[in-house]
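Here is the structure we will look at, set down as structure tokens.
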Amino acid sequence: MTDLVVEGGKRLHGTVAVQGAKNSVLPILAATFLCDKPCVIHNCPELSDVETCLRILAHLGCSCFREGDTVGVDASGAEHYEIPEKLMREMRSSVVFLGAILGKLGRAVISSPGGCELGPRPIDLHLDALKKMGVEIEEDHGYLYCTAPNGLKGNTVSLSFPSVGATENIMLTATLADGKTVIHNAAKEPEISDLADFLNKAGARIYGCGSDTVEIYGVPRLHGAEHAVISDRIVAATYMAAAAVTGGDVLLEHVMPPHLIAVCAAFSDMGCKITPDGKGLRLTAPTRLQRIPTLRSLAYPAFPTDAGPVIMSCLSVAKGTSCFVENIFQNRYRYIDELKRLGAKIKVEDRVAIVEGVSRLSGACCECTDLRGGAALVIAGLAAEGQTVIGKTEHICRGYEKFEKYLARLGADISLKDQEESRENSGKADG
Ligand code: UD1
């Protein structure tokens with residue numbers, strides 16, 4: 004077990020290249036299962052979630068390789084249609100394999116993903132849509148048994164909420180289905196367009212991604228494709244937060260500015276200067292951040308829920324009182340109790356967090372409750388006076404590649420330490 008140990012108070016400066024988007028890589032890797040010929044995916048970050056995906060593909064009968072940030076998948080002979088519970092539990096988003104397995108083999112068995120650290124995450128929208136496309140679903144002992152006895156048929160689906168995962172699952176199921184599928188109120192996240200770009204390169208006919216109506220014309224088969232995934236907008240937001248909270252000056256390379264409009268607006272509201280600079284975006288922070296009167300997370304293109312936690316750390320040290328409203332996940336605030344250990348003053352009532360900015364946070368021992376909440380603790384630790392020891396760092400490894408190394412290159416005093424060593428030292432510090 005390793006802890007992240009941060010000595011706060013160092014101003015970050017320099018350049019960081021932003022990794023490929025986790026939320027693109029996962030559905031794209033699932034989509035390779037639909038292809039008859041080998042696929043090559045570039046810009047795949049080394050993350051535990053990506054490794055879980057590759058283990059699922061191997062379990063399903065694919066041959067996979069990784070060379071640096073390139074991953075190859077050959078699903079040509081793959082015939083297994085079941086994902087064991089252990090692998091499903093490792094990564095809730097493995098539910099996106101359901102559409103890919105059904106699309107290729109016409110049947111699938113997965114364990115029901117159930118809840119996760121962000122609260123209950125139902126998949127009713129996924130299942131209702133699949134049923135409309137000819138899938139029969141039986142639930143038994145926590146497993147979902149899905150078959151399409153009369154084949155997969157295109158249909159019109161209206162989502163009551165623009166769910167990212169449901170949109171992806173429908174696209175994957177519809178790609179090889181008979182006829183046309185239309186998704187109304189589809190998610191518009193850039194990762195949806197990236198998935199469609201990959202599938203279209205492999206021979207799919209998907210139109211309208213990025214708008215709220217997506218049309219998929221079923222094709223008989225997909226060949227292989229080579230594709231580079233887009234840059235991770237949430238990781239970009241996290242490095243921006245690291246720069247902002249330390250009064251820093253950081254150039255982010257490999258970013259896609261159009262995907263970051265709402266995030267950049269939030270940092271500008273806090274008094275940061277954001278300028279296009281050569282290959283990327285440069286964030287220059289003021290000595291003290293300003294409050295944001297109200298910031299709301301909503302579906303893309305509005306402010307992303309996944310960037311909420313790192314912004315919360317920034318608001319914790321901003322001048323004045325801010326209000327954050329979480330509109331996507333009902334149980335996203337668990338990390339706030341941990342932030343309070345560092346001295347953050349935040350009151351939570353249902354979906355609303357009122358953040359009274361303090362002039363200084365102080366180092367403490369805390370634990371990651373989830374991926375982005377964990378990142379928020381690191382950001383807070385960078386701003387805090389003294390040492391912060393962060394446990395349960397496996398959450399962070401799900402989404403951030405070489406996080407501590409890149410932050411250290413920007414001037415942060417941060418390292419991974421064996422838990423016994425870090426806790427012993429922090430015990431001494433406390434004493
Ligand atoms: C994806 C992202 C996640 C991000 C989220 C919202 C991946 C791997 N994960 O998750 O990082 O935080 O989008 O941008 O891409 N819902 C239902 N029924 C359903 C499906 C969803 O009620 O069948 C609800 C969820 O409980 C949640 C909301 O809809 O409250 C958003 O979920 P969704 O957009 O599906 O998120 P994910 O695809 O799970």
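Using this note's numbering, you'd call the opening residue of the sequence shown number 4 and step up by one each time.
Every residue gets a Cβ at the ideal spot worked out from N, C-alpha and C, and that includes glycine.
On a predicted model such as this, the values are computed, not experimentally measured, just so you know.
Could you tell me how far apart the beta carbons of residue i and residue j are, in whole angstroms, since I believe they sit closer than 8 angstroms?
i	j	result
residue 308	residue 326	At roughly 16 angstroms, the Cβ-Cβ gap does not stay under 8 angstroms, so residue 308 and residue 326 are not in contact.
residue 262	residue 236	4 angstroms
residue 393	residue 245	With a Cβ gap of about 14 angstroms, residue 393 and residue 245 do not count as contacting.
residue 52	residue 402	7 angstroms
residue 15	residue 249	5 angstroms
residue 132	residue 160	4 angstroms
residue 368	residue 380	Wrong, their Cβ atoms sit about 10 angstroms apart, outside the cutoff.
residue 338	residue 376	3 angstroms
residue 365	residue 346	5 angstroms
residue 334	residue 301	Contact doesn't hold; Cβ gap of about 17 angstroms is too wide.
residue 155	residue 174	Not quite, the Cβ-Cβ distance comes to about 12 angstroms (not below 8 angstroms), so this is no contact.
residue 45	residue 64	So it is not a contact: roughly 24 angstroms between Cβ atoms.
residue 27	residue 194	4 angstroms
residue 438	residue 396	Nothing can be reported for residue 438: it is not among the residues displayed for the chain, which extend from 4 to 434.
residue 189	residue 165	6 angstroms
Could you tell me whether any non-hydrogen atom of ligand 1 is closer than 7 angstroms to the CB of residue i?
i	result
residue 44	no
residue 96	yes
residue 246	no
residue 128	yes
residue 125	yes
residue 197	no
residue 215	no
residue 29	yes
residue 203	no
residue 304	no
residue 407	no
residue 435	Residue 435 lies beyond the stretch modelled for the chain, which goes from 4 to 434, so this question has no answer here.
residue 54	no
residue 192	yes
residue 396	no
residue 376	no
residue 168	yes
residue 41	no
residue 309	yes
residue 164	yes
residue 26	yes
Going by DSSP, what residues sit across from residue i in a beta bridge?
i	result
residue 298	327
residue 276	287
residue 401	Beta-bridge pairing links residue 401 to no other residue.
residue 28	Its beta-bridge partners do not exist; DSSP assigns none.
residue 5	421
residue 392	8 and 368
residue 208	220
residue 186	160 and 217
residue 444	This structure gives no information on residue 444, because the portion of the chain shown stretches from 4 to 434.
residue 416	10
residue 17	253
Checklist entry - Whole alpha helix (DSSP H) runs in the stretch 104-182 with 4 or more residues, listed along the chain? => result 127-135 and 167-178
Checklist entry - What are the uninterrupted segments assigned as alpha helix (DSSP H) that are 4 or more residues long and contained completely in the stretch 304-379, given in chain order? => result 311-319 and 338-344
Checklist entry - Which ranges does the alpha helix (DSSP H) cover as unbroken runs of at least 4 residues, wholly within the stretch 222-269, from first to last along the chain? => result 236-248
Checklist entry - Does the stretch 158-177 come within contact of the stretch 127-140, defined as at least 3 CB pairs closer than 8 angstroms? => result yes
Next on the checklist: Under 8 angstroms, with one C-beta from each stretch per pair, do the stretch 37-48 and the stretch 269-276 reach the 3-pair mark?
Outcome noted: no
Checklist entry - Between the stretch 178-189 and the stretch 13-30, are three or more C-beta pairs nearer than 8 angstroms? => result no
Next on the checklist: My parser needs the beta strand (DSSP E) runs of 3 or more residues fully inside the stretch 42-107; what are they?
Outcome noted: 42-45, 66-70 and 73-77
Item to check | Touch test, the stretch 316-334 against the stretch 52-65, Cβ-Cβ under 8 angstroms, three pairs minimum | outcome: no
Item to check | Inter-stretch contact at 8 angstroms, needing at least 3 Cβ pairs: the stretch 137-151 / the stretch 197-209 | outcome: no
Next on the checklist: With a threshold of 8 angstroms, are at least 3 pairs of Cβ atoms found where one atom belongs to the stretch 74-92 and the other to the stretch 20-39?
Outcome noted: yes
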